[in-house]
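Residue numbers (mature numbering (1 follows the signal peptide of the UniProt record, and there is no 0)): -24 to -1, 1 to 391.
Using N, Cα and C, we set each Cβ at its ideal position, and we do this for glycine too.
A quick note: this is a predicted structure, and the numbers were derived from the prediction, not measured.
First comes the structure, then the notes that go with it.
Here's what the structure looks like:
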């Protein structure tokens, strides 16, 4: 009899374990950052979700940025979408038009204390269609110039932040100091495109800041802008810096600003997390102005829920949790927020211990005045059509104007 009681107890325990296992749920969340500091922060936010959802875990899956949109598309087409994920601004119209994103508006608006009206309407532009909400921006991040202050000091040059304070930080001065820094540091360069990838996967990040500074754009109102005089002048200057001045890291070589091999680069605030490894004094400054004035360029990313996901309602609840005021304030150290209350707070200005408050203030000003990178519902096709024509641009003997005309000829039918 005693043995029977023991057997029943063990059976009951097994059933209980099975029941607990069945209740446990896992959300798959794709991101493009594998940075330790970012993932630690994200996992902390996921852990806090357990206060209201004790049986839910969130698994963050890293896909490299260069492959992110393509691999995400393959997962969706293959019937294995994540539950939710980050999405880049250029892909937003494509995924919205394809009908693969869930309208998360009802979920986030119904979340206790969420305050949907606190989200900047300008920041929400790409992610809303009438009352439908397809994403909540977690990062509305202006591109900034990162500079190696030690290299500027050694060359006897004012750094970009000092030049900006004097009203002298423009495209001509940018070219001048990049050239002088290269001459003062044999074997190194004055400037490197974002993460050393400006000739292929990051080409829009390389081209848009100078084109906007000159008063141009990639496209507007269905018309290509690459062949307009403003864009031609901007890209000609870049081409000269690469092949005549030799002050920008050329195609096929790796300058690596973070290792001290380039004096300047362009990036967003999230990359400050890499700077403790750099081993040199550094700073951030606004993008150089140009004939078109100061033209901050914004890179934006949002959290979306995939409509084919297995747990989309739960995923939408997690979006509401992740983008509430408390967690947006936590993420603001790396990802400038879309919430007005956080962006305007002293807490945001002092949120990143790596960056002085006076430099963080520049971020707020850039967000207020900036314009998001170009996007289009046919962005994948446009970028694919651009690629071989852009490749032809990055040769020493390239005719910049003709190359940009070829870009427009290729993409105009898609616009």
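Do you know how far the Cα of residue j is from the Cα of residue i?
i: residue 279; j: residue 63; result: 6 Å
i: residue 326; j: residue 333; result: 6 Å
i: residue 386; j: residue 361; result: 6 Å
i: residue 207; j: residue 169; result: 18 Å
i: residue 251; j: residue 234; result: 7 Å
i: residue 383; j: residue 108; result: 34 Å
i: residue 269; j: residue 191; result: 7 Å
i: residue 294; j: residue 179; result: 33 Å
i: residue 258; j: residue 264; result: 17 Å
i: residue 392; j: residue 143; result: This structure cannot speak to residue 392, because the chain is shown only from -24 to 391.
i: residue 328; j: residue 389; result: 44 Å
i: residue 87; j: residue 364; result: 47 Å
i: residue 227; j: residue 221; result: 14 Å
i: residue 236; j: residue 152; result: 20 Å
i: residue -2; j: residue 102; result: Here residue -2 scores only 49 on pLDDT, less than 50, and its place in the model should not be relied on; the value that follows carries that caveat. Taking the straight line from one Cα to the other gives about 36 Å.
i: residue 4; j: residue 274; result: 27 Å
i: residue 172; j: residue 181; result: 11 Å
i: residue 16; j: residue 348; result: 28 Å
i: residue 379; j: residue 65; result: 26 Å
i: residue 319; j: residue 81; result: 22 Å
i: residue 94; j: residue 85; result: 11 Å
i: residue 44; j: residue 8; result: 7 Å
i: residue 359; j: residue 33; result: 36 Å
i: residue 37; j: residue 308; result: 21 Å
i: residue 19; j: residue 53; result: 28 Å
i: residue 61; j: residue 133; result: 43 Å
i: residue 195; j: residue 205; result: 13 Å
i: residue 174; j: residue 366; result: 11 Å
Ordered along the chain, which non-local residues of its own chain (more than five positions away) have a Cβ less than 8 Å from that of residue i?
i: residue 260; result: 120, 121, 122, 123, 137, 245, 248, 331, 335 and 338
i: residue 376; result: 208, 211, 212, 215 and 369
i: residue 357; result: 390
i: residue 238; result: 124, 164, 165, 166, 167, 168, 225, 231 and 232
i: residue 223; result: 151, 154, 155, 157, 158, 165, 166, 167 and 217
i: residue 105; result: 72
i: residue 24; result: 297 and 303
i: residue 198; result: 391
i: residue 39; result: 6, 7, 8, 47 and 48
i: residue 14; result: 7, 246, 249 and 310
Can you list, in chain order, the residues of its chain whose CB lies under 7 Å from that of residue i, leaving out five sequence neighbours each side?
i: residue 342; result: 118, 262 and 272
i: residue 139; result: 145 and 149
i: residue 306; result: 17 and 21
i: residue 127; result: 157, 161 and 239
i: residue 201; result: 192, 193, 194, 195 and 207
Are the CB atoms of residue i and residue j nearer to each other than 7 Å?
i: residue 281; j: residue 296; result: no
i: residue 314; j: residue 6; result: no
i: residue 125; j: residue 135; result: yes
i: residue 160; j: residue 131; result: yes
i: residue 26; j: residue 2; result: no
i: residue 243; j: residue 90; result: no
i: residue 145; j: residue 225; result: no
i: residue 147; j: residue 266; result: yes
i: residue 240; j: residue 311; result: no
i: residue 287; j: residue 59; result: yes
i: residue 76; j: residue 283; result: yes
i: residue 42; j: residue 177; result: yes
Check for me: the alpha helix (DSSP H) holding residue i runs from which residue to which?
i: residue 309; result: Counting along the chain, residue 309 falls outside any alpha helix (DSSP H), and DSSP gives it neither H nor E.
i: residue 219; result: 205 to 219
i: residue 337; result: 333 to 345
i: residue 183; result: 179 to 189
i: residue 35; result: No alpha helix (DSSP H) contains residue 35, which is instead part of the beta strand (DSSP E) from 32 to 38.
i: residue 24; result: 12 to 24
i: residue 276; result: Looking at the DSSP string, residue 276 is not in any alpha helix (DSSP H); the run it does join, the beta strand (DSSP E), is 273 to 281.
i: residue 376; result: 376 to 387
i: residue 173; result: First-last for residue 173: undefined, no H or E at that position.
i: residue 368; result: 355 to 369
i: residue 50; result: 44 to 53
Along the beta strand (DSSP E) that carries residue i, what are the first and last residues, could you check?
i: residue 123; result: 120 to 124
i: residue 86; result: Note, residue 86: premise wrong, no beta strand (DSSP E); alpha helix (DSSP H) at 81 to 86.
i: residue 241; result: 238 to 243
i: residue 260; result: 258 to 261
i: residue 392; result: Outside the displayed range of the chain (-24 to 391) lies residue 392, so it cannot be described from this structure.
i: residue 234; result: Run containing residue 234: none; DSSP gives neither H nor E here.
Taking 6 Å as the limit between beta carbons, can you name the residues of its chain near residue i, skipping five residues before and five after?
i: residue 345; result: 272
i: residue 113; result: 99, 276, 278 and 314
i: residue 51; result: 57
i: residue 96; result: 314 and 316
i: residue 381; result: 203
i: residue 219; result: 372
Does the distance between the C-beta of residue i and the nearest non-hydrogen atom of the ligand NAP fall short of 6 Å?
i: residue 52; result: In terms of ligand content, the structure shown is empty, and the ligand NAP therefore cannot be addressed.
**Q.** the segment 201 to 220 in contact with the segment 177 to 187 per 3-pair CB rule at 8 Å
**A.** yes
Q: Spell out a yes or no on whether the segment 61 to 81 and the segment 350 to 357 are touching, meaning 3 or more CB-CB pairs, one atom from each, closer than 8 Å.
A: yes
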